[in-house]
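Peer 1: I have a structure here, written as structure tokens, and I will follow up with some questions on it.
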Ligand SMILES: [Zn+2]
Ligand SMILES: [Zn+2]
């Protein structure tokens, strides 16, 4: 058994621009930012979108345990991947050190990322002077096909097909392989090959899924993004174990993302839609564990209803069982079940409610599994569900 553990957390999953539309709250509105803690404790950050601000607050809270040396892998210089930089509070702490990695842009020349940094903090775009950022910063330029080692992690970078260029990253650790490939459009044979080499045998393959196949075939061609269908195709070809649909379109409501995920699951066993707060743990007793924290589910009220719940189990088989729901609101419920449903799968909840004249009435709610806490001793699970209509 492999005891080494790595932890990947999603802080921003939205592409192009942040969204605050309530119809997008479940998957989240912050632009790309992930943090990855390797089994040897080395801290990595992928991209610096608006999700970086929340990560900064979290790291400041844990200042004691936070490794003050962090490696930031930046894919490219479009706003959605850098706009969190000035709002990352650990940059304003002397004792912290940050190592940045990105490519030399032909539009910016030498020290591209350093220039981006300085430009973002320049007057009149930002009120605080760059000198206030007292953390130590180093900048390294990486090219496509380059590999280097940090602690026990091997990092490989490869070019992706995107206007003005973007870099994909592969991190090989003793707990497993993470591949972060966002902002890439299929259709360039050399770069399509490059993406496959990057994603080969990944335990977690995070891929751009901004558009529908119809959009990509139509007006959105050339915008530099991909689809769930392309992600599934690549994942199958390279033997990736899990696919994460990422960089959701700002116009994609939660219902639309649910639909994309449902279609992807029809064609590939293990697909998830990136969700703000989602944590993937690799290695250890279970080869991988995916968790969406409770803060993303809704406010609940105490109540007690008999219900019949039907859905899909982790092994793909369907189930139906009777249970008592004690924790329910208009937005969602926490349901005890003996079957362990698959995360992000659909559940039908038939709730019995007492009618006005004392007769029992049935109400059917369509829900979406956002949390599964298995209790192995009792052989049951507490299942968090968000109602989608
Ligand atoms: Zn982007
Ligand atoms: Zn981009």
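In our numbering, the protein residues as written are 181 to 569.
C-beta: ideal position from N, C-alpha, C; glycine also.
1) If you follow the alpha helix (DSSP H) that residue 408 is part of, which residue opens it and which one closes it?
2) To which residues of the same chain is residue 294 closer than 7 Å at the C-beta, ignoring the five residues directly before and after it?
3) Apart from the five residues just before and just after residue 544, which ones in its own chain have a Cβ nearer than 6 Å to its Cβ?
4) If you drop the 5 nearest sequence neighbours on each side, which residues of the same chain put their C-beta closer than 7 Å to that of residue 464?
5) Decide if residue 397 is buried, meaning its Cβ has at least 16 other Cβ atoms within 10 Å, or exposed.
6) Between the Cα of residue 213 and those of 256, 548, 437, spot the shortest distance and give me the residue it belongs to.
7) As a quick exercise: from 550, 369, 557, 284, pick the residue whose alpha carbon is nearest that of residue 458.
8) Can you list, in chain order, the residues of its chain with a C-beta nearer than 7 Å to that of residue 220? Leave out the 5 residues immediately preceding and following it.
9) Would residue 204 and residue 434 qualify as a contact pair, given that the criterion is a beta-carbon distance under 8 Å?
10) Using 8 Å as the threshold, is the C-beta distance between residue 366 and residue 410 below it?
11) Give me the residue from 512, 520, 268 with the minimum Cα distance to residue 499.
12) Compute every distance between the C-beta of residue 342 and the non-hydrogen atoms of ligand 2, then say whether any falls below 7 Å.
13) I'd like to know whether the C-beta atoms of residue 456 and residue 268 end up nearer to each other than 8 Å.
14) Going along the chain, which residues of its own chain have a beta-carbon closer than 6 Å to the beta-carbon of residue 129, five neighbours each way excluded?
15) Taking the alpha carbon of residue 287 as the point to measure from, which residue in 216, 234, 261, 345 has its own alpha carbon closest?
16) Would you list the residues whose beta-carbon is nearer than 5 Å to any heavy atom of ligand 3, in the order they occur in the chain?
17) List in chain order: all unbroken alpha helix (DSSP H) runs of 4+ residues lying wholly within the stretch 228-301.
18) Please report the distance separating the alpha-carbon of residue 289 from that of residue 239.
19) How is residue 481 classed by DSSP in three states: helix, strand or coil?
20) Anyone know if the C-beta pair for residue 503 and residue 525 falls short of 8 Å?
21) Given 8 Å as the limit, is there contact between the stretch 414-424 and the stretch 384-402, that is, 3 or more CB pairs closer than that?
22) Rounded C-beta distance between residue 196 and residue 393? I'm assuming under 8 Å.
23) I'd like the list of long-range same chain contacts for residue 444, defined as Cβ closer than 6 Å, with 5 residues on each side in sequence excluded.
24) For residue 230 and residue 358, what's the separation of their Cα atoms in angstroms?
25) Quick check on residue 215: does DSSP put it in helix, strand or coil?
Peer 2: For this structure:
1) 408-418
2) 319.
3) 530
4) 183, 185, listed in sequence order.
5) exposed
6) 256
7) 550
8) 331, 332
9) yes
10) yes
11) 520
12) yes
13) no
14) Any answer about residue 129 is impossible in this case: the structure gives the chain only from 181 up to 569.
15) 345
16) This structure does not include ligand 3; its bound ligands are ligand 1 and ligand 2.
17) Residue ranges of uninterrupted alpha helix (DSSP H) with 4 or more members, entirely inside the stretch 228-301 and ordered along the chain, are 231-241, 292-300.
18) 32 Å
19) For residue 481, the predicted structure reports a pLDDT of 47, less than 50, and the residue's modelled location is therefore unreliable. A value from the coordinates is still provided. Strand at residue 481.
20) In this structure, residue 525 does not lie closer than 8 Å to residue 503 by Cβ.
21) yes
22) Residue 196 to residue 393, Cβ: 19 Å. No contact.
23) Excluding sequence neighbours, residue 444 sits near 408, 412, 451.
24) 22 Å
25) strand
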